Amino acid sequence: MRWLKSLIIILTFLIVSALMLIGYGFFKKSQNPNWTLTDIFLTTPKIKQNKHENPSTNPFNDILLQLSPECVIEDIHPDDNRVYLTIGPIGPCHQVVVIDIGNGVHLGRIRIDQ
Numbered sequence: 041m042r043w044l045k046s047l048i049i050i051l052t053f054l055i056v057s058a059l060m061l062i063g064y065g066f067f068k069k070s071q072n073p074n075w076t077l078t079d080i081f082l083t084t085p086k087i088k089q090n091k092h093e094n095p096s097t098n099p100f101n102d103i104l105l106q107l108s109p110e111c112v113i114e115d116i117h118p119d120d121n122r123v124y125l126t127i128g129p130i131g132p133c134h135q136v137v138v139i140d141i142g143n144g145v146h147l148g149r150i151r152i153d154q
């Protein structure tokens, strides 16, 4: 009989804990409708979208990088919603170009001077 009481106490504790977590989730969702529990564990920053801006499903137009004739794309590294283009060779061409692949926006360049 003692084990049955212990089992009931443990199950009661688990039910109360689950209800508290559900309540916390409702509270956070009421503050921010886009909140998810996985946001806490993400380490890479995301590009924030405007609330009124709907992500386009249409493909974007060409992106003109305006590279010198001696400059070449040495490496392409996709990461989440961005792509990083490493331009070389080392010297005046050495830079990293960051592009948002969701809508084709050129976010910027990281120039590497030696």
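If you use the working numbering, the sequence shown corresponds to residues 41 to 154, in order.
Virtual Cβ for every residue (Gly too), placed ideally from N, Cα, C.
All values derive from a computational prediction rather than experimental measurement.
Next on the checklist: Whole angstroms are fine: how far does the CA of G128 sit from the CA of V138?
Outcome noted: As a first step, residue 138 must be located in the sequence shown, where it is residue number 98. As a first step, residue 128 must be located in the sequence shown, where it is residue number 88. When the Cα atoms are used, V138 and G128 turn out to be separated by approximately 15 Å.
Item to check | Between the CA atoms of M60 and T84 - distance to the nearest angstrom | outcome: The residue you call residue 84 lines up with position 44 of the sequence shown. The residue you call residue 60 lines up with position 20 of the sequence shown. The pLDDT assigned to T84 is 49, lower than 50, so where the model puts this residue is not dependable, and the model offers no usable value.
Next on the checklist: By alpha-carbon positions, which one of N143, I50 and K69 ends up nearest to D102?
Outcome noted: Mapped onto the sequence shown, residue 102 falls at position 62. D102 has its Cα closest to that of N143, out of N143, I50 and K69.
Checklist entry - Which partner residues does P118 have in the DSSP bridge list? => result Locating residue 118 in the sequence shown gives position 78, counting from the first residue. Answer is V123.
Checklist entry - Smallest Cα separation from E23: which of P118, N121, C133 and T126? => result Any question about residue 23 goes unanswered here, given that the chain covers just 41 to 154.
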